[in-house]
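Here numbering that gives the first Met the number 0 is used: position 17 in the sequence shown is 16, and no number is missing along the way. Even for Gly, the Cβ is constructed at its ideal location relative to N, Cα and C.
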Amino acid sequence: MTPVTVIQGDGPLVLGIPHAGTYVPPEIMANLNSNGQALADTDWHIDQLYADLLPGLGVVRANFHRYVIDANRDPAGASLYPGQNTTTLVPLTDFDGAPIWTDPPTGADIETRRANYHAAYHAALQSELTRVQAKHGIAILYDCHSIRSHIPFLFDDILPDFNIGTDQGKTCAPQITEVVQGICKTAPGYSSVLNGRFKGGWTTRHYGQPERGIHAIQMELAQSTYLQNEAAPWTYDATKAAGLRHHLTHILASLTALAPTLGASS
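1) Let's see if you can read the secondary structure: which residues bound the alpha helix (DSSP H) around Glu26?
2) Reducing DSSP to helix, strand and coil, say where His55 ends up.
3) Mapping the DSSP letters down to three states, classify Ile68 as helix, strand or coil.
4) Between Gly195 and Pro159, what straight-line distance do the alpha-carbon atoms span, to the nearest angstrom?
5) Whether or not the stretch 89-106 and the stretch 129-142 are in contact is what I'm after, with contact meaning three or more pairs of Cβ atoms, one per stretch, closer than 8 Å; do they touch?
6) What residue from Arg112, Gly35 and Arg72 has the CA that sits closest to Thr87's CA?
7) Thinking C-alpha only, which one of Ala123, Ala256, Arg204 and Thr41 is nearest Gln167?
8) When the Cβ atoms of the stretch 174-184 are set against those of the stretch 231-238, are three or more pairs found closer than 8 Å?
9) Provide the residue span of the beta strand (DSSP E) that contains Gly168, from first to last.
10) Ignoring anything shorter than 4 residues or poking outside the stretch 89-132, list the alpha helix (DSSP H) runs there in chain order.
11) Do His117 and Ala70 count as a contact pair if the criterion is CB distance below 8 Å?
12) Would you kindly report the start and end of the unbroken alpha helix (DSSP H) that includes Glu177?
13) Note down, in chain order, each residue of its chain lying with its Cβ closer than 7 Å to the Cβ of Arg244, except the 5 sequence neighbours on either side.
14) Out of His149, Tyr66, Ile146 and Ala138, which has the shortest C-alpha to C-alpha gap to Asp108?
15) DSSP has Asp142 in a bridge; who is on the other side?
16) What is the DSSP secondary structure of Ser148, reduced to helix, strand or coil?
17) Closest to Asn228 by C-alpha separation, out of Asp9, Trp43 and Glu219, would be which residue?
18) Considering only C-alpha positions, which residue in the set His214, Ala61, Val5 and Asp102 is nearest to Ser174?
19) Here's the rule: buried if 16 or more other CB atoms are within 10 angstroms of the residue's CB, otherwise exposed. What is Met218?
20) Helix, strand or coil for Ala61, going by three-state DSSP, please let me know.
21) Between which residues of its own chain and Gly76 is the CB-CB distance below 8 Å, once the five residues before and five after are set aside?
22) If you reduce the DSSP assignment to three classes, tell me which class Ser33 lands in.
23) Over the uninterrupted alpha helix (DSSP H) stretch that includes Gly242, give me the two end residues.
24) Rounded to whole angstroms, what is the Cα-Cα separation between Glu26 and His121?
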């Protein structure tokens, strides 16, 4: 199994997809309990949702599951949301707070996974962003995520459909936020929020350095917007997805058009 799949694009956008992978090495799968082996906390079909929205889009996709190691967590283990429930670099529970291991990983296990999977994903992502910036003078990382819309362990009430994260405006130029937020707010039948429960994960915060010409924005979608049900077997709903893909295409096309106007000092 190749840990990471890279599709090199010819435009200024790179899609990061850290949580769509479902591969778990057999020796790791054997240490998960039945709850963990269900792999419920996958960003189900998010790669399919974004596939071929625009010609020439760059993509960096992790093929391993987040229970192996979470590619969107600080490799040093620091919490993204201090004081709030969240999952760790190698999760010990699922999103509902239930244990996922019969034999949890040791510190040595985590170090091995960090080197073999987490580092591989970020080496590929950094390489692609560097290549794109060298070609265009700028790069925009659009980090693709999805999650169930109702998870009391992680957040109250029902999650909005579009959850835009920029770490309170630190990770990208304000024009990028304005474009994405404007499209989401005016999308009929969809709800949205900027820097709500999800403000951008480690990937967005790590790479988003607009003063250096690399911008990053996270989009966390409620899975109710494109799945038949937010439960196993996690079936992709082509009709729902078609409506959502229309707006995602608008977002990505608008960011592509915006990119040449952004300088390293934006």
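Based on what the coordinates show:
1) First-last of the alpha helix (DSSP H) with Glu26: Pro25 to Met28.
2) According to the sequence shown, residue 55 is Gly rather than His. In this structure, Gly55 counts as coil in the three-state DSSP scheme.
3) coil
4) Straight-line measurement puts the Cα of Pro159 at about 9 Å from the Cα of Gly195.
5) no
6) Selected option, being the one with the closest Cα: Arg72.
7) Arg204
8) no
9) DSSP places Gly168 in no beta strand (DSSP E); its state is neither H nor E.
10) Scanning the stretch 89-132 for uninterrupted alpha helix (DSSP H) segments of 4 residues or longer gives 106-112, listed from N- to C-terminal end.
11) yes
12) Pro173 to Lys184
13) Leu48 and Leu52
14) Tyr66
15) Gly15 and Gln217
16) Three-state DSSP puts Ser148 in coil, outside helix and strand.
17) Taking the Cα of Asn228 as reference, the smallest distance to any Cα among Asp9, Trp43 and Glu219 is reached at Trp43.
18) The amino acid at residue 174 is misidentified as Ser; the sequence shows Gln. Selected option, being the one with the closest Cα: His214.
19) buried
20) strand
21) Taking Gly76 as the centre and dropping the five residues before and after it, the same chain places the C-beta of Thr87 and Leu88 closer than 8 Å to its C-beta, in chain order.
22) helix
23) Ala237 to Leu257
24) A straight-line Cα-Cα distance of about 24 Å links Glu26 and His121.
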